[in-house]
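Structure record follows, encoded as structure tokens.
Numbering (the numbering used here), first residue to last: 7 to 364.
Following this line, the structure appears as structure tokens:
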């Protein structure tokens, strides 16, 4: 079972697709099967799947045996094939020795290559996925809050993150200050695990604080622009990157979906370029189509602009011709919300440069 579990309005995961597949399995099963759930689902879903399949079999007056396995995926968008063939670990939750042996055979190549395997029960496997994503999201919110504090006290968040990352207990992964996290997983899964906690009378304050800090971070980026430039009425701003991260066309929960409308509400006109995000951006930002000019490249987008704002760290934005960019512009504000050019010695000579936490 590998289907979406979109969030409901209250943040909980919608299981209609998962349970619909379970019904179909029960409807058509004709011998023993291992039913593997790879979708990100709340604790207890495996038991629900088992119940739904069992009820369908009962209606058919069939008594085929089956086992349910929770085998969550940990794939990153843009790197899914690599992550599938080179996983950090494989998590298998099952109550059946037979199902465990079958799953070992499915993953035999990885098993022989000494990839770490975690065999546990279904509920624990379901929790591992949510706990992993919630921790990483909270780690991003943590370093973003350190960035805000660094700006106030004269510290450099990149040096802080580098030194923290040298500690083997912490690691340097996901310690990159920016405009906030987005995508199909972190926003959805953090809200879902908070909802699971509420249903079991457990107040997950740390994760909830991370969610709130992430929303605040997006608005802080708008504040930074306004504080530096003043009134944004009729000012032309260039946005480079709209997707929630590079190497994908995914706009779900992207910081740009908050930042761009907020800038427009303050009177700004937007020129933008994103290598992959335009098709989705045009319908997600359809209410602002009159205020947004979708350009063919970063240099066209900078023509007569008063500020360049990097929201997504696409590789091609790492090698910008800064002189050409500057000559295209009407003013020289440069907001680098991914700190790509923080170590460029020429950046301050060409632009009014503003990073995050530096």
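By construction, the Cβ of each residue, glycine as well, lies at the ideal position given by its N, Cα and C atoms.
Computed from a predicted model, the values in this text were never measured in an experiment.
Query	Result
The stretch 218-233 contacting the stretch 52-64, beta-carbon criterion three pairs below 8 angstroms	no
Cutoff 8 angstroms; reference residue 300; Cβ partners in own chain excluding five residues on either side	278, 279, 284, 287 and 288
Backbone CA spacing between residue 171 and residue 324 [nearest angstrom]	23 angstroms
CB of residue 314 within 8 angstroms of CB of residue 249, strictly	no
C-alpha gap between residue 281 and residue 102, whole angstroms	47 angstroms
Where the beta strand (DSSP E) through residue 124 begins and ends	123-126
Secondary structure of residue 267, DSSP reduced to three states	helix
Runs of alpha helix (DSSP H) lying entirely within the stretch 142-192, each at least 4 residues, in chain order	163-171
Helix, strand or coil at residue 340 according to DSSP, with G and I counted as helix	strand
Any beta strand (DSSP E) of 3 or more consecutive residues that is wholly inside the stretch 259-320	275-279, 298-300 and 313-316
Span of the alpha helix (DSSP H) around residue 72	Taken as a continuous stretch (DSSP letters only), residue 72 belongs to no alpha helix (DSSP H), being part of the beta strand (DSSP E) at 72-76.
Residue nearest to residue 106 in terms of C-alpha spacing, selected from 115, 118, 92 and 124	124
Segment contact, 8 angstroms Cβ cut-off, at least three pairs: the stretch 38-58 with the stretch 207-220	no
Whole-angstrom distance between residue 208 and residue 348, CA atom to CA atom	41 angstroms
Segment limits, beta strand (DSSP E) that includes residue 41	39-43
Candidates 341, 31, 21 and 246: closest to residue 361 by CA position	341
Sheet register partners of residue 360 (DSSP bridge)	341
Nearest neighbour of residue 295, chosen from 319, 76, 270 and 183 [CA to CA]	270
Neighbour-count burial assignment, residue 198, 16 or more Cβ in a 10 Å radius	buried
Nonlocal neighbours in the same chain, by C-beta distance under 6 angstroms from residue 39, ignoring five residues either side	72
Residue of 160, 56 and 354 minimising C-alpha distance to residue 76	56
Contact check, residue 130 vs residue 84, beta carbons under 8 angstroms	no
Enclosing beta strand (DSSP E) for residue 96 [first to last residue]	96-99
Residue from 302, 32, 275 and 267 whose Cα sits closest to the Cα of residue 378	Since the first and last residues shown for the chain are 7 and 364, residue 378 lies out of range.
Short Cβ contact (8 angstroms threshold) for residue 24 with residue 11	yes
Inter-stretch contact (C-beta, 8 angstroms, three-pair minimum) for the stretch 167-185 and the stretch 145-152	yes
Assigned exposure category for residue 225 - 16 Cβ within 10 Å defines buried	exposed
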